[in-house]
Ligand code: SF4
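In the numbering used here, the protein residues as written are 353 to 812.
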């Protein structure tokens, strides 16, 4: 049956638009790889696609609004090309389910966060022209053993795609049990489940053997990997630090990263990895969300600023070159002027290399959306502007520390008169001039200029 379908689907093009985080990017790759089994090829243009997938994010209101406006735009496209299929996947799909089709009847398929691996089969079912909504979540969900169908060609004309061949994400867990009061993830991605260690190691090995040099291990809270289900039948104390060490020893892997971490689960064992795991990049994204203990309590984050600062100190003691970044929510319900000043104080103390900061916005279904002590929009905007402006100054100061230093960069794109690469600390570096190199190559450079968001360098 599937074989017949594959013949039928031959040469059909799909286009995936991904919203939100790296977890979603990886989910889009999984859907793309699944679809290739059904004869679909990835197209570069939404206008030529036979299948359009919007892989959505509901973590912020803005991303959700963008999905809805793109769906509105696609209504006309569907009128002109009724055979084209439209699929909404990801967190908005999980949360809104059938109500998306009620509002947007031109959508053919709604596919939830635990159902993406079977996208081909669900499309096959939707061939009869009827809508399909597949959003069931299982309590005892297990991440399927899923290995990528590679290799890929190393001479892609598209710079982003070419770099992607050398740097890949690997999912190690899904869902979250933490229930931070502002966050939809436990509802849209379900309970925390960790993938079997062997599946992860096999996937990384396969990727590295096919030429990948950099791996980022992905999960909503990687620090709690292996806590809720068995991940290694031979070792009941197997945890994220052990996984990190095992993956790091895969021959040929040059750079290893991970994201994201909740400080409440950060252990000394994991911090120690930054001291002695050679290919673990000296870069750590450790979301703090606020500088005030009162706000952290209201967010249900379960750590204090004193504990966070101790972790920062230890990380810098073990790895003095580490680049730290964070997430910050500004204007959480109940955030007073004093609370915000505590956030500014934390920024001065830690001097993060960079941060992602946002104004708090209510997300449907979250506990904080029902809090009645919301902060005025104008105040939120003023506080955010102040935070971001100071962060920009600090990022520049941090970047200036690199001037004069020699760094190794991995080449991500080659242009006529320059090369773009990335340091182990995740900084973008531009090297001027015609450079005889390849995407994925390692280059030794000397930093000679620092901007707020990138560095410039010369070849050594
Ligand atoms: S740790 Fe908190 S913010 Fe992160 S995914 Fe889980 S609930 Fe959301």
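Ideal Cβ positions, reconstructed from N, Cα and C, are used throughout, including at glycine.
Residue i beta carbon near the ligand SF4 (any heavy atom closer than 7 Å)
| i | result |
| --- | --- |
| residue 725 | no |
| residue 446 | no |
| residue 537 | yes |
| residue 531 | yes |
| residue 625 | no |
| residue 663 | no |
| residue 572 | yes |
| residue 528 | yes |
| residue 614 | yes |
Contact under 8 Å by Cβ, residue i with residue j
| i | j | result |
| --- | --- | --- |
| residue 410 | residue 540 | yes |
| residue 755 | residue 781 | no |
| residue 452 | residue 445 | yes |
| residue 651 | residue 528 | no |
| residue 521 | residue 377 | yes |
| residue 391 | residue 466 | no |
| residue 442 | residue 487 | no |
| residue 536 | residue 495 | no |
| residue 472 | residue 389 | yes |
| residue 636 | residue 674 | yes |
| residue 469 | residue 382 | yes |
| residue 626 | residue 660 | no |
| residue 786 | residue 769 | yes |
| residue 696 | residue 739 | yes |
| residue 629 | residue 686 | no |
| residue 717 | residue 417 | no |
| residue 802 | residue 752 | yes |
Spatial distance of residue i from residue j (CA atoms)
| i | j | result |
| --- | --- | --- |
| residue 750 | residue 549 | 36 Å |
| residue 367 | residue 719 | 35 Å |
| residue 736 | residue 698 | 15 Å |
| residue 481 | residue 419 | 22 Å |
| residue 475 | residue 461 | 7 Å |
| residue 563 | residue 774 | 17 Å |
| residue 792 | residue 493 | 36 Å |
| residue 421 | residue 372 | 16 Å |
| residue 762 | residue 500 | 23 Å |
| residue 504 | residue 559 | Model confidence at residue 504 stands at a pLDDT of 49, short of 50, so the residue's coordinates are unreliable; what they give is reported in the following sentence. Whole-angstrom Cα-Cα distance: 10 Å. |
| residue 641 | residue 649 | 11 Å |
| residue 764 | residue 725 | 46 Å |
| residue 679 | residue 497 | 31 Å |
| residue 799 | residue 783 | 9 Å |
| residue 766 | residue 631 | 24 Å |
| residue 727 | residue 653 | 19 Å |
| residue 788 | residue 759 | 18 Å |
| residue 590 | residue 612 | 19 Å |
| residue 354 | residue 364 | Low local confidence applies: a pLDDT of 45 at residue 354 is under 50, so the model's placement there is unreliable, with the coordinate-based value given in what follows. Rounded to whole angstroms, residue 354 to residue 364 spans 15 Å at the Cα level. |
| residue 741 | residue 622 | 32 Å |
| residue 397 | residue 369 | 10 Å |
| residue 437 | residue 485 | 14 Å |
| residue 578 | residue 459 | 37 Å |
| residue 508 | residue 731 | Unreliable positioning characterises residue 508 in this predicted model, as indicated by a pLDDT of 47, which lies under 50. A coordinate reading is not provided. |
| residue 581 | residue 526 | 12 Å |
| residue 812 | residue 757 | 11 Å |
| residue 595 | residue 456 | 43 Å |
| residue 706 | residue 779 | 10 Å |
| residue 356 | residue 483 | Unreliable placement is indicated for residue 356, whose pLDDT of 45 sits below 50; the coordinate value is still reported in the next sentence. Going from the Cα of residue 356 to the Cα of residue 483 covers about 22 Å. |
Option nearest residue i by Cα separation, candidates the options
| i | options | result |
| --- | --- | --- |
| residue 375 | 424, 574, 490 and 395 | 574 |
| residue 703 | 734, 471, 716 and 748 | 748 |
| residue 657 | 616, 626 and 637 | 616 |
| residue 805 | 777, 787, 790 and 788 | 777 |
| residue 807 | 789, 377, 794 and 771 | 771 |
| residue 565 | 487, 744 and 602 | 602 |
| residue 554 | 599, 623 and 688 | 599 |
| residue 709 | 518, 683, 545 and 457 | 683 |
| residue 643 | 801, 467, 694 and 705 | 694 |
| residue 645 | 663, 692 and 731 | 692 |
| residue 665 | 471, 620 and 647 | 620 |
| residue 434 | 415, 406 and 402 | 402 |
| residue 677 | 638, 455 and 536 | 638 |
| residue 413 | 387, 794, 786 and 715 | 715 |
| residue 618 | 456, 523 and 592 | 592 |
| residue 523 | 790, 660, 431 and 551 | 551 |
| residue 518 | 606, 585, 431 and 690 | 606 |
| residue 614 | 794, 624, 752 and 576 | 576 |
| residue 427 | 404, 689 and 490 | 404 |
| residue 608 | 491, 628, 633 and 585 | 633 |
| residue 572 | 534, 584 and 530 | 530 |
| residue 429 | 399, 624, 701 and 379 | 399 |
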